[in-house]
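One structure below.
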Amino acid sequence: MKLLTHNMLTSHVKGVIKGFPLIIKATEVKVNEVEFNPEFVSRMIPKLEWNALVQAAEELGQRQDLPGELVPDFEKNEEFLKKVHRVLLEVEVIEGCLKCPESGREFPICKGIPNMLLNEDEV
Amino acid sequence: MSPYMHKDSTYRISVYTFNKTLQFADRIKKINALEYLPFEGTVSLKNPQHIFCLLEDYGTDPNSIPEHPNYIYFGRWIADGQRELIRSHSVKDRHFIGNTSMDAGLSFIMANHAKVKENDLVFDPFVGTGSLLVACSHFGAYVCGTDIDYNTIHGKGRSSRKNQKWRGPDENIRANLRQYGTEKMYVDVMVSDASKPVWREAALFDAIITDPPYGIRESTRRTGSHKDITKPLDGMYVESHVPVSRAYHLSDIFTDLLNFSARHLVMGGRLVYWLPVYRPEYCDEMVPLHPCLQLISNCEQTLSSHTSRRLVTMEKIKEPEDLDSLAHVSDPRFTLYQGHNAFREKYFSRLNKRASKDNTKYEANGE
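Protein chains in written order, with our numbering: chain A, 195 to 317; chain V, -2 to 364.
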């Protein structure tokens, strides 16, 4: 699971009001090299919840020097975009789980793939 | 034509047939039949200066191919479109396929309908083996998908190939993108129930492209208990627990899909999906509508004498307000659309009525 995806996911357990962001508990994390595409990163940044991204990167120990606030005029700031690119697309949680911040329910991540299915009685 | 046929030039003639396979010998015959044209140059098959194309149109019905072409076209080659993609991305050669993988041609057409372009973020909520994502990634979009079927998402289980029993280790959606050199466009796939979306409330996707289950070759499912199952036994919560699924009524699938798209598409973003239809009862009013989505097109592909599917394209024109998700209930079309729930029954009832020699079996829970 990449952090771009994590930034868009929320817990949908019945009755939960604030299921975002999911807490990441990772037992295996990989960092791959993915071709840097500044246009795509620039397009994604306005859609992101920035604090949640920084928090997630911290949880994985992969924050490095990602700033706590969005840099103004980021479209032209290649150095900044590269940092965001790394955190969004290169860091991957291979094994672990996503934990609902309100209910504590855990959604397993196996081979990089989250399983978001709820059980019959949670629905 | 004469500037391209003078004696110092080189040329070749290519023959293309549509809806008919031609043997090599027949192609040569047709080329020779063009002898009456004033070609003065020399033939060069490998590196001609000019290529002339003979195109023969044998209609659109693969079950009724005429002896002679309906139309013949002849001209000088200037440039190619992208038809080659149909061959280069053929599902026959794809690493990971399933029973319902969308063929390459239609996948690319769907991507075009959705106006998928470079740097888009595209989502498929019924991703299966990822055929649609493969096509979208080719146009430079970043892709993600979900499916309720754990095995398909993980690339496990029985192979859909004739001579192969089980799927190999390199058979999954990511591997498919890798096969065509677009792995960098892979964002994520997840096991998830499309009727219970897991995305935060925001306009996230530039396009939603999907082929929802019709309930024929794969079951329509959603998580949830049947009324007669009371409490689950204590031992059931194991790591690999796959939740009980109940029927996901076809009309709910499309209502949910339209609501989901209205909420999660960017403004101007497109939803492209297939709608299965029982032809004897179909009318245009059955196509589901939504106040936030404008219907752009509705194209039929015939599947059999009594069934077809329609490629529906919609574009987001308005942000949803709370009541919009219920708007369809008061819409008279809603009652018409309920008929879709019977699609599966009607499909099978026709099959049973015909004294069919066809031994094709459809598994109720087939993958």
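Here a beta-carbon is modelled for each residue, glycine too, at the ideal position from N, C-alpha and C.
- The beta-bridge partner set that DSSP reports for methionine 187 of chain V consists of V:Thr143.
- As DSSP reads the structure, cysteine 280 of chain V sits in no beta bridge.
- Chain A places a beta carbon closer than 9 Å to that of alanine 199 of chain V, counting this residue as a contact.
- Under the Cβ criterion of 9 Å, valine 265 of chain A is not counted among the residues facing chain V.
- Listed along the chain, the chain V residues whose CB falls inside 7 Å of the CB of lysine 277 of chain A amount to none; the nearest CB is some 18 Å away.
- For aspartate 203 of chain V, the uninterrupted beta strand (DSSP E) run begins and ends at 202 to 207, by DSSP.
- Using a CB distance cut-off of 9 Å, asparagine 116 of chain V counts as an interface residue toward chain A.
- Residue pairing from DSSP places glutamine 291 of chain V in a beta bridge opposite V:Glu312.
- Contact check between the stretch 292 to 309 of chain A and the stretch 25 to 33 of chain V: fewer than three CB pairs, one atom from each, fall below 8 Å, which does not count as touching.
- Of all alpha-carbon atoms in V:Leu130, V:Ser98, V:Leu272, the one lying nearest the alpha-carbon of phenylalanine 120 of chain V is that of V:Leu130.
- Distances from the alpha-carbon of threonine 304 of chain V to those of V:Arg171, V:Val274, V:Lys162 put V:Val274 closest.
- Secondary structure remark: continuous beta strand (DSSP E) runs of at least 3 residues inside the stretch 108 to 159 of chain V, in chain order: 118 to 121, 139 to 144.
- Scanning its chain for C-beta atoms nearer than 6 Å, with the 5 sequence neighbours on each side dropped, one finds around valine 269 of chain V the residues Met107, His110, Ala111, Ile206, Thr310, in chain order.
- For glutamate 168 of chain V, there is no enclosing alpha helix (DSSP H), as DSSP gives it neither H nor E.
- The three-state secondary structure of histidine 279 of chain A, taken from DSSP, is helix.
- Here glycine 255 of chain A carries a coil assignment [DSSP, helix/strand/coil].
- If you draw a straight line from the Cα of alanine 204 of chain V to the Cα of glycine 266 of chain V, it comes to about 5 Å.
- Asparagine 309 of chain A sits in a strand when the DSSP states are folded into three classes.
- Under the 10 Å beta carbon count, histidine 287 of chain V is surrounded by 16 or more other beta carbons and is classified as buried.
- Lysine 224 of chain A is positioned such that its CB atom lies closer than 9 Å to that of isoleucine 288 of chain A.
- By the Cβ-count criterion, leucine 31 of chain V is exposed, with fewer than 16 other Cβ atoms from all chains shown falling within 10 Å of its own Cβ.
- Between the alpha carbons of leucine 311 of chain A and isoleucine 94 of chain V lies a gap of roughly 23 Å.
- Apart from sequence neighbours up to five positions away, the residues of its chain that approach proline 59 of chain V with a beta-carbon distance below 8 Å are Asn16, ordered along the chain.
- Within the stretch 146 to 164 of chain V, the residues whose Cβ lies closer than 8 Å to any Cβ of chain A are, in chain order, Tyr147, Ile150, His151.
- Within 8 Å of the CB of lysine 305 of chain A, the CB atoms of chain V belong to His151, in sequence order along the chain.
- With a 10 Å radius around the Cβ and a threshold of 16 neighbouring Cβ atoms, glutamate 312 of chain V comes out buried.
- Unbroken alpha helix (DSSP H) runs of no fewer than 4 residues, entirely contained in the stretch 223 to 270 of chain A, are found at 232 to 238, 244 to 253, following chain order.
- The beta carbon of serine 41 of chain V lies closer than 8 Å to those of Thr7, Tyr8, Arg9 in the same chain, with the five residues before and after it left out.
- By the Cβ rule, the stretch 196 to 210 of chain A counts as touching the stretch 274 to 290 of chain A, because three or more pairs are nearer than 8 Å.
- Cβ-Cβ distances below 8 Å link isoleucine 69 of chain V to Leu51, Leu52, Glu53, Asp54 in the same chain, with the five nearest sequence neighbours on each side left out; the list follows chain order.
- Contact fails between the stretch 155 to 174 of chain V and the stretch 193 to 204 of chain V, because fewer than three Cβ pairs, one in each stretch, are under 8 Å apart.
- Listed by position along chain A, the residues whose Cβ is nearer than 8 Å to that of proline 122 of chain V form an empty set, because the closest Cβ is around 12 Å away.
- Counting only Cβ-Cβ distances below 7 Å, threonine 204 of chain A has contacts in chain V at Val195, Trp196, Arg197, in chain order.
- Contact between leucine 216 of chain A and proline 295 of chain A holds, with the beta-carbon distance rounding to 7 Å and staying under 8 Å.
- Under the Cβ distance rule, aspartate 249 of chain V does not count among the residues neighbouring chain A, no pair being separated by less than 9 Å.
- With a contact defined as Cβ atoms closer than 8 Å, serine 98 of chain V and glycine 142 of chain V miss out at about 13 Å.
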